[in-house]
Each structure stands twice: as C-alpha cells, then as structure tokens.
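There are 2 protein chains.
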Amino acid sequence: MELDWLLAPPLPETMPRQRVIYHRLREAILSGRLVPGTRLPASRDLAASLKIARNTVLFAYEQLVAEGCLLADRQGTRVAPLPVRPVVRPGRGEAPVAPLQLSARAAAALQPEPAREAAALPFAPGVPDYGAFPFRSWRACLERAWRDAGWRQLGYAAHGGDPGLREAVAGHLTTVRGLPVEAAQIVITSGTQSALDLCARLLGDHGDTAWAENPGYFAARVAFGLAGLRVHDVPVDTEGMSPSEDDWRAHPPRLIMITPSHQYPTGRVMSLPRRLALIERARESGAWIIEDDYDSEFRRAGPAPPALFGLRPDAPVIYVGTFSKTLYPGLRLGYLVLPQAIAADFARAAAQATRAGQGIEQRALADFIRRGYYTAHLRRMRTRYAARQAALRSALRQAFGPCVELSGGEAGLHLVIWLPQGISDTEVAARAAALGLGVRALGSYTRAPMTCNGLVLGYGNLEEGMISEGVRRLALAVHSRDNQAA
Amino acid sequence: MELDWLLAPPLPETMPRQRVIYHRLREAILSGRLVPGTRLPASRDLAASLKIARNTVLFAYEQLVAEGCLLADRQGTRVAPLPVRPVVRPGRGEAPVAPLQLSARAAAALQPEPAREAAALPFAPGVPDYGAFPFRSWRACLERAWRDAGWRQLGYAAHGGDPGLREAVAGHLTTVRGLPVEAAQIVITSGTQSALDLCARLLGDHGDTAWAENPGYFAARVAFGLAGLRVHDVPVDTEGMSPSEDDWRAHPPRLIMITPSHQYPTGRVMSLPRRLALIERARESGAWIIEDDYDSEFRRAGPAPPALFGLRPDAPVIYVGTFSKTLYPGLRLGYLVLPQAIAADFARAAAQATRAGQGIEQRALADFIRRGYYTAHLRRMRTRYAARQAALRSALRQAFGPCVELSGGEAGLHLVIWLPQGISDTEVAARAAALGLGVRALGSYTRAPMTCNGLVLGYGNLEEGMISEGVRRLALAVHSRDNQAA
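Respectively, the protein sequence lines represent chains G and P.
Under my numbering, the first residue of the first sequence is numbered 217, with each subsequent residue one higher.
Under my numbering, the first residue of the second sequence is numbered 217, with each subsequent residue one higher.
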C-alpha cells in the first residue's frame, strides 16, 4: 500500500511530524479515501518506508485507535467501519444538502451600523470622556474587591446581583434621583442592551407588540426583534412619544420603550401630562413601560423631570439605568428597577436567563458608590460636560448663525442641530465622516413616515480644544453641498 | 386652605424638610387630593403657617412648577391641569385594571433550582477549585491591561471580541484541542449561557425545534424556551445522544445541543460513529449542532475524543467553550467557534445583540494565555482533579462496595454514582442536603419517559481532606432510607 502522501509537501510549518501523520490519516479515513476494513502497514514497515521513527507512527495509530478511527487486533491495524460519506464540494458533483445559514430573525441584528472606529472621532454620540475616568480610585476599589474575593464573588452572581451593589444603587437613586426604592427592587444587569433583552423576553411573548420611539434608539429594536416581538414605531414630538388613538387601538402594546428624560436622539423631555397619561393608558391596556434613563445624571437645566417610575403607585413601569455613560461602556454593568409586585420573580428569572457574574466588579462598584467617589465623579463630569456643551453651542451659532435650531441641551452628552430642508443629513454625515468626524444623521434613527433632518453631535469625549476645529469641518461638510450644487 | 398635613408626622428621618413638602405636595396633586386649578397659599403665608423658612416653600413650589405640577402666574400658584385619576387600591373599590405580570415564556426561567449557597457545599457540581485560582498571575495580567487601557478597551467590544483574545483562543484550541481554527472564527461570549442564547436566537426561529439531551443541562432548555424554541428531549445512552428515526421525522431539529466529550450530567462520551452519523444527518436536515465542550480541558483517560467541530469539512457545527470551569464562573468569558461560512455575519449580529464589553478583562485573558499561565494552570489542575477523583472513587467503593456503578470519570469535575432501583435519588439528595452536602439527583436532570437514578458528585471544589467525611455523610443519606423502611 502506497502511503507516501502522509508526508507529502506542503507540510504545515508549526505542526510536529507525528501530528501531521495523525491528521492526514484521520482525514483520509473520515473522507472515505481509506475505506473501512483497509489494512494499514505494520508501524515498523510504515516508519521505514517514510524514513521516520517508529514511535511517530505508533503515536498516530494509538490516537486513532483511541478515537475509534482504527481497530487494532491480532492481525494488525485496520480502518474501522464508520458511517462516512465522501465530502462533496460545491461546484464538483452534487451541491451540499443544506447551506449553512443564520435564522430569519437574525436579520434584526444585521442592520448597518457605524464602524467601531467612529466611536473615537469628534462628535461620536454616546461616548463619555474616557480620559476623565477616575482610574486611580476605581482601581483602588477593584484592588480591595480582589483582596477579599471569596466563592460568592468568583461564582455566579446572586439573584438580582451583588447584595451590596443593589443596596448602593437603591441608595443612590433615592438620594440623587428622588426615587424611593429598595434594594430588593434592583436587578443588576450587564448593561442596557442586556436589560432590554431581559424585558423583551421576561415581559413580552412572541408576536406581542413593542412600541419604539421614532426617531429612536436603534439597539432597542434589535432586542425586540430577536425576542420575536413586533416593533411598532410611534412618533416623537416636542413633548416626547406621542401615540395616537389609532396606535392604541390598532397596535395595542405589550411593551412601551421610552427615553423620557432626554429622548434619544432628539434630546427632548417628555412633559408631565404626557407621562401621567401614558401611565394611565398603559395600566388600562396591560402594557409595560420601559423607562430608559440612560444619561439623566448629566442634567443641567433645572431640576430633573420626575421619573415615570415612582410617579404613581403600582404603575407598570420598569426603570433602566446604566453605568456605561457615567463610568465606561465596557464595564458592562447597569440595573433595572422593578415594581415590588414582580421584583422577586423577575430577579429569579433573570438569574436563570443570564447566569450573570462579575462579582468582583460588582463589589468594587458598590464600594466606589459608598465611598462617595461616584457622586464626586458625576459632579465633576456635570460641570465639565456643561462647559463643553456651552462651548459647542457658541461655536455652532458662530458658524451657522444665531437662528440655527439646537435641541437636547437639558441633559446628556449630545446636542442635535436641525438642518433646513434641502440639506440632506445623511449626505452631510457622509461628507463629515470623510473629514474625520463621528457625527450621525438624525435620519438614520428615523423610520418612515416620520422625517427628521438633523445631526446628532456627541461632545462627551470631545476635548474643548477640538471643538472649534470640529465645527469648522462640520461647516465644511454642510456647505460643500452648496458648492456641488453651484 | 388647610395644609398642616404637609409636615404632619411621621416624617421620614433622612429627608430634609423642603423635600418632604415637595414630595407631599406632589403626591397630593398626582393623587387628585388637590384638584387642578386649586390655588395654593403664597409662599410667605404657607411658611408662616408651617413655621418654616420661606425658602423651604419656595424650593418646593419652584421644583413643582419646573416639573409641570404647578402653574405660576401673576395671581399666584395653582395646581396644573393634569390627567390624573385617584389611585384605586386593591380591596378598596374597584380592582386595578391589569395585574402586573411576567410573560408566559418567563415560566421557562422560573424552574426550581438549587439555592446559591449549595454551590459552596461538598459535592456541588460544576464548581472549580476557587482556592487554586492563580490570583497572583491573573491580577498581574489585569494590572498590565489597566495600565494600557485606551478607548478600545473602555468602549464596547469589537465584533467578535478583543482581537488579541480571539487570536489567543484560536491558538490554544489549535495546539491543545487539535482544532485548527482561525481567530476570525472565534466569537468571545460572556459565558456559556450567553453563547447558547445567541445560538438560539441567531440560528433558530420561533417555533423551531431544539433537541436537548435527556438527561441534560437544564440551563440550555431555559435559553431555548426564552427564545421561543420548542424543546424536544432526546435520550442519552452509553454512546451519547441517541435519536431514533421517529425523533428525526416527527421532531425535525433546527438545533441539536450536545455535550459529546463528557455528557452532562452522565459523563458519557459520544462514540465516533455516533458523531459522524449525527453530522451527516444534521447536514441533510439543515440542522445546527451545538457542541458544548464545557469541561474537556480536564481530561485524564487517554486522548480527548476529536471534537465534532472540524471532524468533517463544512459540518454544521458550532463549538462552545468557556473559562468558567478552567478559571472562575464569575469571570463571564467564553467563546464560540464558527464555520468560516457564517463567522463574519454571526460576529456582527452577536455584537448588535449583546453590545459586549469587558475589554480590559479580555485583554488580560489574552495576556494570561500568551504568557503560558493558562496552560500551566490547566496542567496543575488536571493533576489535582485527577487525584481528587481517584480518592473519591476509592472512598465510594469502600463505602458502597466494589460493584457500585460509577460513570463520568474520563474528564471534568464530577462523577456519577448510579443507585439501585428502590433507592430514590431525589430522596437521597434531599437527605444529603440536610447533612450539608451539595450533591444533586440525576433524576432532577431527567425528563419522562427517560428514567435515571443516581447522584451527581462534584469534586472540583472538594478538599481531599473532606472526601472521606463527605462520603461518610453520603452513605448516611443513602442508608437512612433502609432505616426508615425497617
């Protein structure tokens, strides 16, 4: 039997001889090139014919016997009877039986999105100031958490998360956000996407309708789509999400996803009458309101509007918070606040659904909050972001005139500049990208029949020294269209 | 107007006066106790009548005006017209309109499960040796990762995860597991539950059938149930999952979830003919095989059986690995290995579905693997766990006789001891729990019509000194039934 091909070039560079022989023999057996029953030469003979050590052959034979590819008996070694079929490659002979493909719903998660590199560019929205992150105090908290780590921190997280962190978050929300909540109502999540995902699956069933703001936060639609919910877009006006009677009747919601403190992306604040009406209507129709309060910590104009959660007793509201904007996105810690009635069940189901962990980081964060580092950091960042926004506003008014319409300044890390009809925001955004800017078109958050024409300008990670240069390039991107038209 | 109740006891201890007035006024307005249009006393008069500083009243009024609860005009301050209805408490008057409740599918995640504390008890399955974790070298890697952290590590993870970690995992799998894979085929996950969850949603659609091993890993059923898949149980025999012709015809699978290297919980190894047949059949029927290789790193009896992934070219197999057993569960890092054909799309969809992060930890882990710490730790743990298993086996044989049937010793962190008919494993497990043991009944992993009667004994976190004492208590739990019967 001719087995020269066992060591025929090209040989893989990094693989030892004996593994090459093992791999090639196995491939030959599994592909049917060596048919079941075929007798292989004695190890001594094969070693001699290939001019290699006998042990090299023995290793391969033994491994393949152990795996069940070869059978060894008194007569020697032969190929085991295996249910193999020659591999059919597309284009040669019959086509493969079923092509490898993703599920139909995976399409919801394959929408185009900005390249990751864009997050580092001026005006990229949703990015906090990485440089201002309090590395020293945070790492000191991590150090302490590691020093005391036991099985509770190294194992899976307790239901609802680390008890100390649940306490600390409840305390923070009560003091700073005016939300009188208890630790038992808090479920620690690994960020907002995971929170929305839990809400979609633990509160919604397949075919249920989820209302999304239009324009709105794209990633919420991904979570709902992957959970088999039907997403219904509800327009946002100057007072926030504005459902019509037809929305309520023809598309009764199970979930209503809103960003009432600082609508994403328009930055508008939902009015109190709108909040109260939404709660009443949701309560009547058995819907859950998901209140995403993603960046309300950076509020500057007057007192924060009261959260829907806690506005009315027993309201069907779930409050979503995150440390992505206040600390850093990669931390992957956030939280849900739940009404008492469902808190224990939700925490238990969430624990089984996600098998969360990060016990060390959760403990470090509890420590960070308890020691006052978190509030101090928020205070410092509030001032810093306010200064940045003021500088950006004035640069924009200088470049585009005093009447340019800006919105979204009450809180958060971004401003919206509205463009006059006739200047396409997607075209401006594309030109801005070519000039090295991370600005996004309002239109990319908007679905028909709504139309919005403007630009979302993140300033969280924008050094003040870069603002005037950024606005100069932005003006170029806006005006070069006039040049083209000319 | 009588407003004495604004400061009537009991007053919340930790709340400043002005916030009490604000809260009580707001509550009175939102509950309809103060009806729209009601004029409030001038701040000066109210302050005098409550015997407090005028500023305290002014603060509350201003906050409530800002929120839209009050209107201020030349005539003074009055309650705004708001769409409120008095709150109806259950038991008094009409019932609330729709009770707050979870989705129907949430029931899949509300199965009873062992208390978290059980994870710290002797024989708790699935728990690695926390004490042996290489804290020093791991923390050194974390230190280095923090020192070099930039926006890439602090922001959301790149598609598929940190490029360095994908490289390191691919290298490790090629060298140690004999899986020739490339970094582009790796998607870093936040552990096995998240991996199964991604597979369920990105590979399966609502109503599709997912095959689960019976007995099998409970948490996989949670992931499938929450994704709207129909779970079909397929029996496991001594060669692994053993589907019948009827299973294929009446319950054609979209997903086939298996643990072929060390079936969970029986510990059985899927034979090579079974593996090859499963791949062929899955290919024909357009099914995906999910190969969970959760603890194959701790293999001791002979060479590891070849993974289904890579056994045949273009096989519809997704390989799932985790660092939960090899490092610690709370780390929440694992990985999927994907066929080339879908790797890029899957990585992109997974990034949108999860918005992963943990960039610092991912980098630290890549460093940990590259420096050889990971392989060294595996080697050390393999020896340690092997010694523990040997000690456990001999203690079991001593206590239960030489003929007691044990399985699952080829790899992993647990053994199965099979019980004779007539001794109920659930009853033994309950008695063992009362004696402070974390052992689990095989029956709790099994669904009718299959029956399995035995105990799953984890020894990962079991000090050798505790083994004889643990087995002594276990024998008590088994035998006390004889006493009861007598």
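Cβ atoms here follow ideal geometry from the backbone N, Cα and C, with glycine treated the same way.
Candidates the options, of which the one nearest residue i by Cα
| i | options | result |
| --- | --- | --- |
| residue 428 (chain P) | P:472, P:458 and P:396 | P:472 |
| residue 649 (chain G) | G:426, G:263 and G:336 | G:336 |
| residue 621 (chain P) | P:610, P:629, P:628 and P:595 | P:610 |
| residue 440 (chain P) | G:664, G:504 and G:443 | G:443 |
| residue 328 (chain G) | G:434, G:692, G:250 and G:418 | G:434 |
| residue 299 (chain G) | G:593, G:261, G:253 and G:445 | G:253 |
| residue 608 (chain P) | P:503, P:684, P:526 and P:514 | P:684 |
| residue 485 (chain G) | G:612, G:493, G:476 and G:241 | G:476 |
| residue 297 (chain P) | P:639, P:554 and P:246 | P:246 |
| residue 630 (chain G) | G:535, G:516, G:588 and G:593 | G:516 |
| residue 628 (chain G) | G:601, G:348, G:356 and G:645 | G:601 |
| residue 398 (chain P) | P:674, P:555 and P:326 | P:555 |
| residue 330 (chain G) | G:674, G:656, G:679 and G:229 | G:656 |
| residue 272 (chain P) | P:232, P:639 and P:339 | P:232 |
| residue 707 (chain G) | G:523, G:597 and G:646 | Not covered by the structure: residue 707 (chain G). The range shown for chain G is 217 to 702. |
| residue 536 (chain P) | P:494, P:547, P:334 and P:408 | P:408 |
| residue 492 (chain G) | G:572, G:525 and G:323 | G:525 |
| residue 341 (chain P) | P:511, P:560, P:584 and P:663 | P:511 |
Same chain, Cβ closer than 6 Å to residue i, neighbours up to 5 away in sequence not counted
| i | result |
| --- | --- |
| residue 345 (chain G) | 676 and 677 |
| residue 311 (chain G) | Residue confidence for residue 311 (chain G) is low, a pLDDT of 44 falling below 50, so the modelled location carries little weight and cannot support an answer. |
| residue 463 (chain P) | 450 |
| residue 499 (chain G) | 532 |
| residue 281 (chain G) | 288 |
Min CB distance residue i to chain G below 8 Å
| i | result |
| --- | --- |
| residue 478 (chain P) | no |
| residue 675 (chain P) | no |
| residue 562 (chain P) | yes |
| residue 349 (chain P) | yes |
| residue 487 (chain P) | yes |
| residue 421 (chain P) | yes |
| residue 372 (chain P) | yes |
| residue 527 (chain P) | yes |
| residue 311 (chain P) | Any reading at residue 311 (chain P) must be qualified, since the residue scores a pLDDT of 44, below 50, and its modelled position is unreliable; the value itself is stated next. False, the Cβ-Cβ gap to chain G never drops below 8 Å. |
| residue 380 (chain P) | no |
| residue 506 (chain P) | no |
| residue 406 (chain P) | yes |
| residue 465 (chain P) | no |
Contact with chain P by residue i, beta-carbon distance below 8 Å
| i | result |
| --- | --- |
| residue 643 (chain G) | no |
| residue 220 (chain G) | no |
| residue 605 (chain G) | no |
| residue 710 (chain G) | Because chain G here runs from 217 to 702, residue 710 (chain G) falls outside it and cannot be looked at. |
| residue 545 (chain G) | yes |
| residue 346 (chain G) | yes |
| residue 362 (chain G) | yes |
| residue 353 (chain G) | no |
| residue 367 (chain G) | yes |
| residue 493 (chain G) | yes |
Cβ neighbours of residue i in the same chain (closer than 7 Å, five flanking residues each side left out)
| i | result |
| --- | --- |
| residue 482 (chain G) | 431, 452, 623, 624 and 632 |
| residue 658 (chain P) | 431, 481, 632, 641, 668, 669, 670, 671 and 672 |
| residue 266 (chain G) | 222 and 223 |
| residue 529 (chain G) | none |
| residue 270 (chain G) | 259, 260 and 263 |
Sequence-distant residues of the same chain with beta carbon closer than 8 Å to residue i, five excluded per side
| i | result |
| --- | --- |
| residue 238 (chain G) | 275, 276, 279 and 280 |
Decide yes or no for the touch test of the stretch 392-405 of chain G against the stretch 371-383 of chain G: beta carbon pairs closer than 8 Å, at least 3 of them. yes
Does the pairing of the stretch 446-453 of chain P with the stretch 682-695 of chain P give three or more beta-carbon distances under 8 Å? no
If you pair each beta-carbon of the stretch 563-583 of chain G with each one of the stretch 371-378 of chain G, do three or more pairs fall below 8 Å? yes
Members of the stretch 568-600 of chain P near chain G, C-beta cut-off 8 Å: 568, 569, 570, 571, 572, 573, 574, 575 and 576
Between the stretch 234-242 of chain G and the stretch 272-282 of chain G, do at least 3 Cβ pairs fall closer than 8 Å? yes
Taking 8 Å as the cut-off, does the stretch 409-420 of chain P touch the stretch 573-588 of chain P (at least 3 CB pairs, one atom from each stretch)? no
Please identify, using Cβ separations under 9 Å, the residues of the stretch 315-332 of chain P that lie next to chain G, in order along the chain. 315, 316, 317, 318, 319, 320, 321, 322, 323, 324, 325, 326, 327, 329 and 332
What are the residues of the stretch 242-273 of chain P that lie near chain G, defined by any Cβ-Cβ distance shorter than 7 Å? 246
For the stretch 530-556 of chain G, which residues have a beta carbon sitting closer than 7 Å to at least one beta carbon of chain P? 530, 532, 544, 545, 546, 547, 548 and 555
Using a Cβ-Cβ cut-off of less than 9 Å, list which residues of the stretch 273-286 of chain P approach chain G; keep chain order. 278, 279, 282, 283, 284 and 285
Quick one: which residues of the stretch 437-455 of chain G get their C-beta closer than 7 Å to a C-beta of chain P? List them in chain order. 438, 442 and 444
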